[in-house]
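Chains as they are written, first to last, in our numbering: chain A, 54 to 597; chain B, 478 to 691.
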């Protein structure tokens with residue numbers, strides 16, 4: 054045991070968007086903060102170099118190798134070296150994420166959706182899933198705060214209303230969509246009852262927060278080469294500049310509580326050499342990603358809480374959700390589109406995000422991905438047997454006409470979809486790997502079937518050929534639900550302020566608290582919830 | 478904590494490649510039909526462990542010289558198979574080295590294909606590719622390696638060149654290699670060039686190819 058004295062007003066576990074933004078808010082309010090990050094401190098440029106040297110360019114996880122003491126899934130393959138998924142839809146839950154300073158937004162695409170008011174009231178409005186223990190209006194000011202923090206661009210609601218009421222305009226104007234997206238939008242406008250909207254994005258359409266305007270490198274995932282897209286590392290740098298202490302390579306494994314098991318008194322972490330360190334504080338926030346947060350609470354089980362910390366409800370690790378994806382790639386028979394000019398994800402068909410049919414099937418949104426298809430076109434043309442001049446003209450044609458569509462289909466919280474600790478596999482520190490059992494809810498399956506019909510219609514409208522459907526269902530890396538929010542401590546882990554029912558000074562800031570998963574990418578809601586946690590902590594600490 | 482362990486995340490692309498090859502994923506198996514990763518590639522990848530920063534790592538075959546007769550033969554084959562007169566000899570040497578390392582049979586196959594090229598008259602890449610596959614069906618995989626090398630910049634499962642891959646040369650009027658955009662503010666809103674449907678036919682028999690999720 055180290056003799057060092059590590060103590061702060063607030064101790065945060067995890068340095069992604071959630072943990073770093075809370076740290077930044079608190080430290081700027083004069084509250085001392087220590088952030089413990091399991092993974093290493095990293096820098097952008099090395100990831101850019103790794104990407105350029107990567108043979109399989111679409112592999113978003115591979116430029117980010119993990120360290121032995123903080124492993125993360127190396128890829129989305131089943132079986133997996135780290136995240137072991139089982140059950141009838143194991144492959145649909147093969148999530149990837151990153152354990153390092155800054156967190157998983159190193160390789161997000163910057164899609165910054167607010168949830169719809171109905172997403173928070175799925176049970177009341179549609180008789181499905183659960184209601185959150187808060188309403189959209191409770192979160193609205195924090196959504197805006199998160200948009201300002203990240204630098205989100207989006208459309209004027211008077212022109213293009215995305216369904217989430219706003220009190221303030223987006224901090225930046227909407228990103229002008231590419232020629233390919235313009236043609237797609239024209240087709241949808243003219244030939245379908247649907248619409249294509251500008252996707253709100255944490256991406257600069259003008260210089261913002263000392264970061265440059267997007268230059269359209271088309272590499273938001275896995276790594277924006279110039280920092281025009283927000284990621285969690287920027288909140289880390291801001292928080293550090295204001296005096297927050299970040300400790301990398303600090304793997305929390307134990308959560309110490311008082312005699313009454315009501316207050317957390319310290320967390321303990323292991324360094325890579327297995328030295329143990331104790332960090333005390335007044336408040337504690339677990340902000341360690343949906344999967345690692347649940348894993349930590351289970352790993353921390355002890356005599357007082359034999360099934361895990363904050364787990365009197367037995368809901369820790371249950372209700373695992375995601376946006377399940379349907380994906381198809383095909384060759385358009387229309388004019389050249391040349392996808393891959395500009396950022397990756399800029400436009401969405403949003404007609405299927407909400408409707409009375411949510412009583413029967415899950416909602417979804419559709420992305421027409423603006424991904425540079427030159428490498429894929431080259432691989433396809435070589436596989437078809439072309440060489441020489443014929444190969445070159447085929448590559449040009451395929452690169453100009455390849456279209457990829459994918460969806461985010463809504464899941465439901467099912468307690469049987471559960472994360473547990475592996476009994477056989479452990480990391481070098483002796484901490485068990487996570488296992489997840491997953492069976493797609495029928496609600497989601499019906500949603501995916503609807504998506505396939507819509508995709509077939511779109512392929513027809515674009516005179517598409519050579520369609521290749523990604524087999525089955527695939528994960529969208531938006532895991533949520535593992536420490537679910539609710540008003541009843543018997544069937545939920547945290548309350549509407551993300552405070553654990555069991556321990557009054559322990560909060561959780563993660564998509565793990567989501568009661569439903571909606572359709573928009575989860576990060577903006579994670580950030581808004583985190584900023585709301587920061588607001589609560591500021592009030593309580595300043596009051597104290 | 479030891480300094481080396483704190484920088485473990487900074488592993489080289491070569492080590493990542495090795496790790497990926499040894500996992501032998503579903504995608505790799507599928508691409509294996511294209512000759513991108515053959516069983517021999519695994520063996521040589523293991524032999525190349527740990528890191529090859531250049532050509533002089535112990536246990537790692539040296540990069541072939543641009544004057545090596547095999548590189549000259551490789552360049553002849555490459556000119557014919559790309560229908561191009563001007564190809565970079567340094568890239569040829571690097572591609573040739575990696576292709577030969579990827580499979581124990583590749584050197585002999587390249588020499589055999591070169592003999593075929595020398596012994597006949599072939600008006601185009603397609604003419605020669607057809608003749609080569611007819612002569613020896615295994616030559617198809619060698620041609621795939623040469624095509625993937627020049628056009629994708631990839632050989633032996635490794636990025637040999639990125640921006641200089643020919644696939645970017647033939648699309649440079651429309652798109653940029655990822656991470657290298659230089660079109661000015663919001664360049665992506667402008668209309669890119671039209672591309673007429675190609676009329677050319679494949680020269681080789683088709684291979685299976687599946688688009689994997691990202």
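Backbone N, C-alpha and C fix where the C-beta goes; we use that ideal spot for every residue, glycine too. A quick note: this is a predicted structure, and the numbers were derived from the prediction, not measured.
- At a cut-off of 8 Å, the C-beta of residue 391 of chain A has a neighbouring C-beta in chain B.
- Taking a Cβ-Cβ threshold of 8 Å, the residues of chain B close to residue 278 of chain A are 656, in chain order.
- Here the C-alpha atom of residue 370 of chain A lies approximately 18 Å from the C-alpha atom of residue 126 of chain A.
- At a cut-off of 8 Å, the C-beta of residue 212 of chain A has no neighbouring C-beta in chain B.
- Residues of the region 218-252 of chain A with a C-beta less than 9 Å from any C-beta of chain B: 228, 229, 230, 231, 232, 233, 234 and 235, listed in chain order.
- No Cβ of chain A is located within less than 8 Å of the beta carbon of residue 574 of chain B.
- Considering only beta carbons, the part of the region 629-652 of chain B lying closer than 7 Å to chain A consists of 629, 631, 634, 635, 636, 639, 644, 645, 647, 648, 651 and 652, in chain order.
- Considering only beta carbons, the part of the region 432-463 of chain A lying closer than 7 Å to chain B consists of 432, 433, 435, 436, 437, 438, 439, 440, 441, 442, 443, 444, 445, 446, 447, 448, 449, 450, 452 and 453, in chain order.
- Nearest CB-CB separation between residue 66 of chain A and chain B: not below the 8 Å threshold.
- For the pair residue 330 of chain A and residue 136 of chain A, the Cα-to-Cα distance works out to about 27 Å.
- Counting only residues of its own chain and dropping the five nearest sequence neighbours on each side, residue 574 of chain B has a CB closer than 6 Å to the CB of 540 and 541.
- With fewer than 16 neighbouring CB atoms inside 10 Å of its own CB, residue 221 of chain A falls in the exposed class.
- Taken in chain order, the complete alpha helix (DSSP H) segments of 4 residues or longer contained in the region 476-560 of chain A are 495-514.
- Looking only at A:486, A:448 and A:499, the smallest Cα-Cα distance to residue 678 of chain B is reached by A:448.
- With respect to the 8 Å criterion, residue 340 of chain A and residue 350 of chain A are not classified as neighbours on the basis of their beta carbons.
- Near chain A, meaning a CB-to-CB distance below 7 Å, the residues of the region 552-573 of chain B are 558, 559 and 560.
- Distance from the CA of residue 376 of chain A to the CA of residue 565 of chain A, rounded to the nearest whole angstrom, comes to 14 Å.
- For residue 395 of chain A, the residues of chain B that pass the 7 Å Cβ criterion are 665, in the order they occur in the chain.
- At a C-beta separation below 7 Å, residue 660 of chain B has these neighbours in chain A: 269.
- If the five residues before and after residue 213 of chain A are omitted, its C-beta is found closer than 8 Å to the C-beta atoms of 227, 250 and 251, all from its own chain and listed in chain order.
- Taking 8 Å as the upper bound on Cβ-Cβ separation, chain B lies near residues 378, 380, 382 and 388 of the region 375-388 of chain A.
- Residue 562 of chain B and residue 570 of chain B have their alpha carbons spaced roughly 16 Å apart.
- Taking C-beta atoms as the reference points, residue 104 of chain A and residue 121 of chain A fail to come closer than 8 Å.
- For residue 647 of chain B, the three-state secondary structure derived from DSSP is coil.
- If you draw a straight line from the Cα of residue 633 of chain B to the Cα of residue 656 of chain B, it is about 23 Å long.
- For residue 329 of chain A, the three-state secondary structure derived from DSSP is strand.
- Ranked by how close their Cα comes to the Cα of residue 435 of chain A, the residues B:660, B:663, B:619 and B:665 have B:619 in first place.
- Secondary structure at residue 368 of chain A: coil, using DSSP grouped into helix, strand and coil.
- At the C-beta level, residue 590 of chain A and residue 196 of chain A stay beyond 8 Å of one another.
- Counting the other Cβ atoms within 10 Å of the Cβ of residue 600 of chain B gives fewer than 16, which makes it exposed.
- Exclusion of the five residues before and after residue 557 of chain A leaves 315 and 316 as the residues of its chain whose Cβ lies within less than 8 Å of its Cβ.
- The C-alpha of residue 588 of chain B lies about 13 Å from the C-alpha of residue 576 of chain B.
- Residue 567 of chain A is positioned such that its CB atom lies no closer than 8 Å to that of residue 525 of chain A.
- A check of alpha carbon separations from residue 152 of chain A across A:305, A:332, A:516 and A:112 identifies A:305 as the nearest.
- Interface annotation, residue 590 of chain B: not in contact with chain A, CB-CB separation never under 8 Å.
- With contacts defined as CB atoms closer than 8 Å, residue 216 of chain A and residue 81 of chain A fail to qualify as a contacting pair.
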